[in-house]
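Quick note on numbering: my numbering labels position 405 of the sequence shown as 427, and the sequence is numbered without any gaps.
A virtual CB, placed ideally from N, CA and C, is assigned to each residue, including glycine.
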Amino acid sequence: MSARPGPGRAARRVLPEAPVGSLDGYLAAGGGAAIRRARSIGPDATIDEVTAAGLRGRGGGGFPTGRKWRTVRDAPGSRRFVVVNGAEGEPGTFKDRAILRADAYQVVEGAAVAALAVGARDVYVGLKRSFVRECDALRTAAQEMAAAGMLGDLDVTIVQGPPEYLFGEEKALLEVVEGKDPLPRVLPPYQHGLFATAPQLGWTSSEPEPGEPRGEAANPTLVNNVETLAHVTWLLSHGVDSFRALGTSASPGTTVFTVSGDVTRPGVHELPLGTPLRALVEVHGGGMRPGRRVKMVCSGVANPVLPGDRLDTPMDHESLAAAGSGLGSAGFVVYDDEVCALAVARLFSRFLFVESCGQCPPCKLQSGAVTEALEEIERTGDASGLARIERALRTVTDGSRCALAAEEQQVVGSILRRFPEDVVAHEEGRCRLRHDLQIPLLADLTDTGFVLDARQGHKRPDWTYGT
Ligand SMILES: Cc1cc2nc3c(=O)[nH]c(=O)nc-3n(C[C@H](O)[C@H](O)[C@H](O)COP(=O)(O)O)c2cc1C
Ligand code: SF4
23 MSARPGPGRA ARRVLPEAPV GSLDGYLAAG GGAAIRRARS IGPDATIDEV TAAGLRGRGG
83 GGFPTGRKWR TVRDAPGSRR FVVVNGAEGE PGTFKDRAIL RADAYQVVEG AAVAALAVGA
143 RDVYVGLKRS FVRECDALRT AAQEMAAAGM LGDLDVTIVQ GPPEYLFGEE KALLEVVEGK
203 DPLPRVLPPY QHGLFATAPQ LGWTSSEPEP GEPRGEAANP TLVNNVETLA HVTWLLSHGV
263 DSFRALGTSA SPGTTVFTVS GDVTRPGVHE LPLGTPLRAL VEVHGGGMRP GRRVKMVCSG
323 VANPVLPGDR LDTPMDHESL AAAGSGLGSA GFVVYDDEVC ALAVARLFSR FLFVESCGQC
383 PPCKLQSGAV TEALEEIERT GDASGLARIE RALRTVTDGS RCALAAEEQQ VVGSILRRFP
443 EDVVAHEEGR CRLRHDLQIP LLADLTDTGF VLDARQGHKR PDWTYGT
């Protein structure tokens with residue numbers, strides 16, 4: 023049984039206190055042990071170890087990492103790739119950039135372990151073009167490690183991608199690595215990987231046998247989040263038992279939480295999974311301004327929101343799901359009781375509508391219809407659009423290729439269900455709460471806190487920008 027963490031106990035595994043500034047510094051602190059161990063035990067035992075540790079992906083879905091690695095290793099195909107997801111586009115999340123700024127070496131080492139495990143010779147790392155510091159840190163780390171012979175014959179390529187939210191969606195990420203727009207493809211990366219030539223539709227949609235008998239390659243590809251790979255490095259260096267010593271049995275280890283919004287000290291903190299949300303908000307986040315209380319906490323825009331009376335919920339996958347929400351990528355945006363819930367619903371809906379790529383018409387059309395109806399209720403108090411919203415949320419996910427449409431359904435649906443009084447206040451013309459909200463897309467973390475992405479508010483649904 024793993025230890026339940028007490029409130030507020032910080033743990034440093036992937037987010038060192040002082041940045042690791044050189045390969046020498048990294049090696050002096052024990053770096054390099056993970057790839058040495060993976061080479062000594064071999065691919066199968068490496069996958070077994072990651073599976074036994076119970077590591078779950080930190081990119082948002084929490085998928086078991088060992089199981090994903092096994093699937094890619096066993097998928098038919100003669101060439102495999104590893105893609106590191108550093109797009110970090112979830113509102114309220116800054117953890118991947120914090121990790122890369124603090125120690126990019128561990129991410130490169132984790133990617134090298136993953137490549138060895140699944141049998142890949144090429145690693146691609148996708149980062150937003152705007153992540154200049156992180157990109158430099160990563161490039162330096164990869165070059166130094168390659169020059170020191172730590173990567174063997176592994177090729178590491180950094181791909182600088184667009185600002186779109188979908189860049190981080192794994193099937194869209196592969197498109198960007200191939201030089202295209204971030205439009206999610208049909209099949210998942212383990213079935214239709216990088217530079218695959220096999221068709222994606224019909225009975226021939228994946229490579230039928232290893233060895234490409236028709237000259238068609240499926241190129242099974244592993245996509246893992248930056249933070250996931252940092253934990254891989256830690257767990258292979260320290261062992262399964264040490265990894266499981268923190269966190270819960272089903273969500274073991276630590277994770278890097280981001281807390282932003284109406285807390286007095288927004289920031290990034292590595293804590294054991296299972297730490298109560300209250301510790302993040304009140305201890306690490308500094309709590310609310312005097313006289314204010316928490317109205318709701320949003321786990322990015324990807325999950326149903328949590329009302330302020332659920333702060334004692336442990337932050338792990340199971341507990342947050344039981345409370346009706348989810349961990350997502352562990353970025354929590356806190357809103358206080360001066361904020362109108364309808365404004366939050368409209369803000370998030372508009373973000374998802376704008377970022378939807380439109381390949382699946384119900385996603386773009388219905389998220390647009392929801393946004394419009396929410397704007398109308400907010401502006402006029404005429405709540406007759408609620409029925410339209412309900413209908414649109416039922417069908418927004420029809421035929422969807424990716425999870426963005428489900429996010430619209432979950433986050434908007436949950437806000438309207440949990441805060442009906444804010445809609446009534448608009449109907450009765452007496453809402454005096456705050457509506458001047460900006461989407462919490464975190465562009466930078468400075469000594470004074472987070473800088474929000476000011477351009478996003480001017481983004482149009484065709485991904486151009488107004489002024
Ligand atoms: C709309 C959308 C945006 C996403 N953005 C990100 C992102 O910025 N970074 C990320 O790691 N995963 C993101 N994901 C999740 C990825 O598709 C994928 O599940 C993840 O990279 C897998 O890595 P993991 O198993 O290590 O968590 C996003 C998913 C969706 C649906
Ligand atoms: S569900 Fe939405 S965002 Fe995802 S591929 Fe379809 S249209 Fe694009």
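Test item: CB-CB of residue i and residue j under 8 Å
i      : j      : result
Leu244 : Ala56  : no
Leu138 : Thr68  : yes
Leu160 : Ala136 : no
Gly269 : Thr286 : no
Gly353 : Thr277 : no
Gly76  : Arg266 : yes
Arg315 : Asp284 : no
Tyr146 : Phe103 : yes
Pro184 : Leu196 : no
Leu396 : Leu364 : yes
Asn325 : Gln478 : no
Leu387 : Thr335 : no
Glu200 : Leu223 : no
Gly322 : Gly114 : yes
His448 : Gly407 : no
Cys362 : His457 : yes
Val355 : Ser282 : yes
Asp118 : Gly111 : no
Ala133 : Leu251 : yes
Ala124 : Val42  : yes
Lys481 : Val392 : no
Asn246 : Gly79  : yes
Gln165 : Gly53  : no
Asp420 : Pro384 : yes
Given residue i as reference, the closest of the options once Cα atoms are compared
i      : options                           : result
Thr327 : Leu349, Ala126 and Val72          : Note that residue 327 corresponds to Val in the displayed sequence, not to Thr. Minimum Cα distance to Val327 is reached at Leu349.
Gly99  : Val147, Gly141 and Thr68          : Gly141
Asp177 : Pro312, Gln388 and Glu131         : Glu131
Glu412 : Val434, Pro113, Ser351 and Gly88  : Val434
Gln182 : Ala170, Asp175, Glu156 and Lys193 : Glu156
Ala220 : Ala240, Ala447 and Glu430         : Ala240
Gly88  : Cys379, Arg456, Ala74 and Val446  : Ala74
Leu415 : Leu374, Thr255 and Ala97          : Leu374
Met310 : Glu450, Asp444 and Pro288         : Pro288
Ala476 : Leu467, Val445, Asp484 and Pro462 : Pro462
Leu467 : Phe153, Val105 and Ser62          : Phe153
Gln460 : Leu209, Ala367 and Glu429         : Ala367
Arg440 : Gln213, Val129, Tyr187 and Ser347 : Ser347
Leu295 : Ser273, Ala465, Asp66 and Glu450  : Ser273
Phe189 : Arg454, Cys424 and Leu45          : Cys424
Range of the contiguous alpha helix (DSSP H) that encloses residue i
i      : result
Thr402 : Pro383 to Thr402
Cys157 : Val154 to Ala169
Leu302 : Looking at the DSSP string, Leu302 is not in any alpha helix (DSSP H), and its letter there is neither H nor E.
Neighbour-count burial assignment, residue i, 16 or more Cβ in a 10 Å radius
i      : result
Val473 : exposed
Glu292 : buried
Asn486 : According to the sequence provided, residue 486 is Thr. The question's Asn does not apply to it. Exposed.
Lys202 : exposed
Val198 : buried
Val94  : buried
Arg372 : buried
Secondary structure of residue i, DSSP reduced to three states
i      : result
Phe472 : strand
Gly17  : Because residue 17 is not part of the residues shown, which for the chain are 23 to 489, the question remains open.
Ala345 : coil
Ala109 : coil
Gln460 : coil
Val36  : coil
Tyr487 : strand
Glu292 : strand
Leu122 : helix
Lys202 : coil
Gln213 : coil
Pro336 : strand
Phe85  : coil
Arg59  : helix
Thr286 : coil
His311 : One point to set straight first is that residue 311 is Arg, not His, in the sequence displayed. Residue state, collapsed to three classes: coil.
Val145 : strand
Leu415 : helix
Asp331 : helix
Residue i: first and last residue of the uninterrupted beta strand (DSSP E) it sits in
i      : result
Glu430 : Unbroken run through Glu430 is the alpha helix (DSSP H), Leu426 to Arg440; no beta strand (DSSP E).
Tyr357 : Gly353 to Asp358
Val20  : Because the chain in this structure spans residues 23 to 489, residue 20 falls outside the shown range and cannot be described.
Asp177 : Asp177 to Gly183
Val135 : Note, Val135: premise wrong, no beta strand (DSSP E); alpha helix (DSSP H) at Tyr127 to Val140.
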